[in-house]
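The numbering of the sequence shown is full-length UniProt numbering, which starts it at 1 and goes up by one. Cβ atoms here follow ideal geometry from the backbone N, Cα and C, with glycine treated the same way.
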Amino acid sequence: MSRSVLVTGGSRGIGAAIARAFAAAGDRVAATHRGSGVPDGVAGVRCDVTDEASVDRAFTEAEALHGPVEVLVANAGVTDDTLLMRMDEKTFTRVLDANLTGAYRAARRAVGPMVRMRRGRMIFISSVSAYAGAAGQANYAAAKAGLIGMARSLARELGSRGITCNVVTPGYVRSDMTDRITDARRAELMRQIPLGRTAAPEEVADVVTFLAGPRAAYVTGAVVPVDGGLAMGH
Ligand code: NDP
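See the structure below:
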């Protein structure tokens, strides 16, 4: 059955792979971008998740094209790494605003129509940093850990309405975001990954589409690692 899917941050990396995977499965997919476009076969809607009105417009556009959003993937995210001593408040709050409050804005805009339909799937893209922490990522890890608390609260609020809320925690996935990792940090991470390799964005997309699909109907409030064993789920 074709569903209306909205993926935030679907212009590249993991979000683009997720959007492509839903489209390949026959869903009607809208993906957000900030001017850089989206993959073929996917409808691009402009959206900055740090702006509530922009999130609202993106949903309104997606709804006009595909009907009420049945699957929300809150994927948009940024890093701005630095050690706490150098992390000013702006750097901290900017990363929280995009990764955590941005997901809240999308979830809040999505929830009304989902409640009316009495069905929906929300999937939040967090990170192993949420529970393992990472030096230089106090802002990012706090935001990603916040997503877990938020998603589990939403799972409790919305379960009776047929809406599931789950979190995926990727490890080290090849994308623009991880291109910036230093060689020394890359080597250290590789030593810690039992599977001994990085992930392709499509490997995250496979788990996301599973959580959005009928075979995951009884899964809610779950945190699903896709990390090659990097954090062993902790
Ligand atoms: P990329 O940097 O490749 O892509 C980030 C995406 O987020 C882009 O589509 C970007 O849009 C979008 N985005 C950033 N800020 C905003 C904003 N304010 N409003 C709307 N869209 C925004 O990252 P990845 O694909 O690697 O990461 C995707 C998600 O996965 C993120 O949440 C990230 O934290 C998480 N993750 C990634 C891991 C990895 O190893 N790569 C590991 C764990 C988690 P635009 O093109 O317009 O800039």
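- Query: Going by alpha carbons, who is nearest to asparagine 139 out of Ala103, Asp48, Asp97 and Val207?
  - Reply: Translated into positions along the sequence shown, residue 139 becomes position 139. For asparagine 139, the closest alpha carbon among the candidates Ala103, Asp48, Asp97 and Val207 is that of Asp97.
- Item | arginine 215 versus alanine 141 - alpha carbon distance | Stepping through the sequence shown from its first residue, residue 215 is reached at position 215. Stepping through the sequence shown from its first residue, residue 141 is reached at position 141. When rounded, the distance between both Cα atoms is 30 Å.
- Message: Looking at ligand 1, does it come within less than 7 Å of valine 133, judged from the CB to the closest heavy atom?
- Response: For the purposes of this step, residue 133 is taken as the residue at position 133 of the sequence shown. It is worth fixing the name first, because residue 133 is glycine in this sequence and not valine. Checking the Cβ of glycine 133 against ligand 1 gives no.
- Item | Proximity below 8 Å, CB of glycine 13 to CB of aspartate 227 | Stepping through the sequence shown from its first residue, residue 13 is reached at position 13. Stepping through the sequence shown from its first residue, residue 227 is reached at position 227. Going by C-beta atoms, glycine 13 is not nearer than 8 Å to aspartate 227.
- Message: Taking the beta strand (DSSP E) that methionine 122 belongs to, which residues open and close that run?
- Response: Position 122 of the sequence shown, counted from the start, is the residue given in the question as residue 122. Where methionine 122 is concerned, the enclosing beta strand (DSSP E) stretches over 120–125.
- Query: Do proline 170 and ligand 2 come close, with the Cβ less than 7 Å from some heavy atom?
  - Reply: Absence of ligand 2 from the depicted structure is noted, with ligand 1 being the only ligands included.
- Beta-carbon proximity list for residue 261, same chain, < 7 Å, skipping 5 on both sides: For residue 261 there is no data in the structure shown, the boundaries of the chain being 1 and 234.
- Query: Is methionine 177 near ligand 1, in the sense that its beta carbon is under 7 Å from a heavy atom of that ligand?
  - Reply: Mapped onto the sequence shown, residue 177 falls at position 177. Within the cutoff, so yes.
- Message: Restricting to Cα atoms, I'd like to know which of Phe210, Val223, Ala43 and Val7 is closest to valine 168.
- Response: The count along the sequence shown starts at 1 and reaches residue 168 at position 168. It is Val223 whose Cα lies nearest to the Cα of valine 168.
- Message: Looking only at its chain, what residues have a beta carbon closer than 8 Å to the beta carbon of alanine 23, apart from the 5 residues adjacent to it on each side?
- Response: As a first step, residue 23 must be located in the sequence shown, where it is residue number 23. Same-chain partners within the cutoff: Val29, Pro39, Gly41 and Val42.
- Minimum C-alpha distance to leucine 147 - residue among Tyr172, Arg116 and Arg105: As a position in the sequence shown, residue 147 is number 147, starting the count at 1. Of the residues Tyr172, Arg116 and Arg105, the one whose Cα lies closest to the Cα of leucine 147 is Arg105.
- Message: Measuring alpha carbon to alpha carbon, tell me which residue in Asn99, His33 and Gly44 is nearest histidine 66.
- Response: The residue you call residue 66 lines up with position 66 of the sequence shown. Taking each of Asn99, His33 and Gly44 in turn and checking the Cα distance to histidine 66, the smallest one comes out for Gly44.
- Task: With a 10 Å radius around its C-beta and 16 neighbouring C-beta atoms as the bar for buried, classify aspartate 179 as buried or exposed.
- Result: Indexing the sequence shown from 1 puts residue 179 at position 179. It is exposed - the Cβ of aspartate 179 has fewer than 16 other Cβ atoms within 10 Å.
- Query: In chain order, what residues of the same chain lie with their CB nearer than 6 Å to the CB of residue 235, ignoring the 5 residues before and after it?
  - Reply: This structure does not reach residue 235, given that the chain is present from 1 up to 234, and the question cannot be answered.
- Query: What first and last residue would you give for the beta strand (DSSP E) that runs through threonine 60?
  - Reply: Within the sequence shown, residue 60 is the residue found at index 60, counting from 1. Looking at the DSSP string, threonine 60 is not in any beta strand (DSSP E); the run it does join, the alpha helix (DSSP H), is 52–66.
- Task: For aspartate 183, I'd like the list of residues in its chain whose CB is within less than 8 Å of its CB, leaving aside the five on either flank, ordered along the chain.
- Result: Here residue 183 refers to the residue found at position 183 when the sequence shown is read from its first residue. Around aspartate 183: no qualifying Cβ.
- Task: Run the proximity test for isoleucine 193: is its beta-carbon closer than 7 Å to any non-hydrogen atom belonging to ligand 1?
- Result: Taking the sequence shown and counting its residues from 1, one reaches residue 193 at position 193. In this structure, isoleucine 193 has its beta carbon at no less than 7 Å from each heavy atom of ligand 1.
- Item | Start-to-end residues for the alpha helix (DSSP H) that takes in isoleucine 193 | Counting from 1 along the sequence shown, the entry for residue 193 is found at position 193. Here isoleucine 193 belongs to no alpha helix (DSSP H), and DSSP marks it neither H nor E.
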